[in-house]
Each structure stands twice: as C-alpha cells, then as structure tokens.
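*Asks:* The numbering of the sequence shown is the working numbering, which starts it at 80 and goes up by one. Note that beta-carbon positions come from the ideal geometry of N, C-alpha and C, so glycine has one too.
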Amino acid sequence: AALSRSFMADFNTSNDLSTTFYFIGIPGYESLHHWISIPFCIFYLVGIVGNCTILHIVRTDPSLHEPMYYFLAMLSLTDMGMSLPTLVSLLRVLWSISREIKFNTCVIQMFFIHTFSSTESAVLLAMAFDRYVAICHPLRYFTILTPQRIAKIGMAAILRSALTMIPLMIRLAYFPFCRSHVLSHSYCLHQDMIRLACADIKFNVIYGLVFIIILWGFDSLGILVSYIFILRSVLSIASRKERLKALNTCASHISAVLILYVPMIGLSLVHRFAKHASPLVHIFMAHIYLLVPPVLNPIIYSVKTKQIRTGIIRLYFPMRIHFISG
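1) Let's see if you can read the secondary structure: which residues bound the alpha helix (DSSP H) around ILE127?
2) Residues bridged to GLU179 by DSSP?
3) Per DSSP, which one or two residues make a beta bridge with VAL261?
4) I need the straight-line Cα distance from LYS324 to MET244, nearest angstrom please.
5) Given a threshold of 16 other Cβ atoms within 10 Å of its Cβ, counted over all protein chains shown, does GLU199 qualify as buried or as exposed?
6) Is it the case that the Cβ atoms of CYS257 and ILE180 are separated by a distance below 8 Å?
7) Expressed to the nearest angstrom, what Euclidean distance is found between the alpha-carbon atoms of LYS231 and THR225?
8) What three-state label does DSSP hand GLY296 in the structure shown?
9) Which value, in whole angstroms, describes the spacing of the CA atoms of MET147 and SER263?
10) What residue range is occupied by the uninterrupted alpha helix (DSSP H) comprising PHE286?
11) What did DSSP end up calling PRO106 once you bin it into helix, strand or coil?
12) Roughly how many whole angstroms lie between the Cα atoms of ARG171 and VAL313?
13) So ARG228 and ALA201 are supposed to be a Cβ contact under 8 Å. How far apart are they, rounded?
14) With a Cβ-Cβ cutoff of 8 Å, do VAL128 and LEU151 count as a contact?
15) Nearest by alpha-carbon distance to TYR108: which of LYS383, PRO358, ILE367 is it?
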C-alpha cells in the first residue's frame, strides 16, 4: 500500500510537471516588472484602440466599402489576433499574479499566434494584388475584386494558416516534456516549446522551416512580383505628378510589409542561430514581432490614408468637422 501511494504521488508529480509550464518576465529586472508593465499596457491599448477604430470607420462609412478598405479591415483583425492572445499571460507575469500556464492553454495560445501571423502575411499579399489591380487595371478594379471574391480570399487566408499549423499541434501533444518547463517568453511559441521536449523533434523543426519557406516565401514572392508589375506600369505614366500619386497609394502597404517581415525574420534567425545569446535578445525580438505591427499599422494608415484620417477626425473630433464645414 505504501509503495502504491508512493507510485501515485510520483505519477501525479510527473503528470503535473508534464502539463504545466512557466513563463519568465524580463530576467534581471524582476523588481521592475510593475513599471515595465506600463509601456506594454500603453502599446496594447494603442494597438487595440487603433485597430478597433479602423474597423469601426470601415464598417460605418459607406464610402469606404471598397476592396482596399476591406483588406485594411482584415489587416486590423489579424493584427489583433496576433497580439491579444498574449495580453493576459504577459500581464499576469509582469503583475506577479502567476507564471504558470497549462499545456492545453499554451498550445491554444501558440496556435492563434502562429495562425494569425501567417494569415497577416497572406492578407498583405492580397493587399499587394489589390494595389496591382488598382494601378495596372483600374477599369476592371471593381469587377475583379468583388465583395464575394474578397470574402473568399479572407477565408482562404485563415484556413491556409490554420490547417498548416494542425500537424505541428498534433505532434506536440504527444511529446514528453521531462526537462525544464520554463519558457523563454511571456507567451507560447512553437520554436520555444519544442526545445523543452524529450523526444525526436526533427519533424517539427523541418516542418516548421518548410512552413516558413513555402508560405512566407510564396507570400513575399507574390508581393515582390506585384510591385514589379506596379513599377513597370507607373514608370510608363508620362506625368511625374501622377507617378508619385500612384506610388503614394502603395506607401502604407510597403510599410506594413516591412513592419511584419523584418521582426519575423529577425526572430527566426535569433531562435535558430543565436541560441546562446542573452535571453534579453530573444525576449526583445519576440515582443517586437508581436507588438509592433498592431501598434504601427493603424498609425501609418491613419497618417497616409486621407479617408481613414477624415474618419478618425469625424469619430473623435466631431466639433472640428462641424467647425470646418461651417
């Protein structure tokens, strides 16, 4: 009986270890976590308010019911889908509430983060195609990009990203985790979690690499090809003013592409080739990857897009619009 009780205690301890993981905050700055949480709260607030504002303006303004703004609304949705799953776990760590997360919750969080980041890449490809049609085939713009076709593109983007993540999640569910259960960030990433597994992770490593090369590579190649055709069409315009006007419509999209791809490439390189770098480097790159696009995209589109800027003024400063019109 005593042996049985000892076995059950060991089993329960092992089972608890295998299903519970622990986040870290900012190593070496634990005493400042409450202060560090302030800028993070500001970033999340700016991102949520900015993206919700764009969604509200596009939904309520009939003049913005056009392909370009539908894709912009998709971008705002994917931005929030990337950042919101990390909000609770990050603040729980920084506010010293809890560092624990159950395995199932960790996998769900990981699934949403990777799915929406891949979906955002697909949406940026769709936006590049939108700019290509608008500049190279303006007379066919509304016949090519109909609302029904835009909806299908959005569904294809999310399904493509979600379905390709499922094999990784299934494999992860069968891994034993007998090493340290301490994750490198304040949220769950696939490349961070598999390094803790006591199993052959070759499939996950190779599949993850192929996943990035094929999906992100296809999206980036599609964006590049779109802009080659756009530049060729723009350079054929005789008027310099018209050329600049056409290129200016692409400036926001190019910025959004750089804002997503540069941190993503940086984070992938750090995880694969700088494993022995300071933990602060990994944490810094991971937070840039998830927070910069949701915060900066609404700001860039608000500054560069007159219709969005007017909608923001109408929403938040109605008296100013009334004064100007009066």
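*Replies:* Here's the rundown:
1) 112-139
2) TYR101
3) Answer is TYR101.
4) 40 Å
5) buried
6) no
7) 10 Å
8) helix
9) 38 Å
10) In the sequence as displayed, the identity of residue 286 is Tyr instead of Phe. Counting along the chain, the alpha helix (DSSP H) containing TYR286 begins and ends at 281-290.
11) coil
12) 50 Å
13) That pair is no contact at about 15 Å.
14) VAL128 places its beta carbon 8 Å or farther from that of LEU151.
15) The shortest C-alpha separation from TYR108 is found at PRO358.
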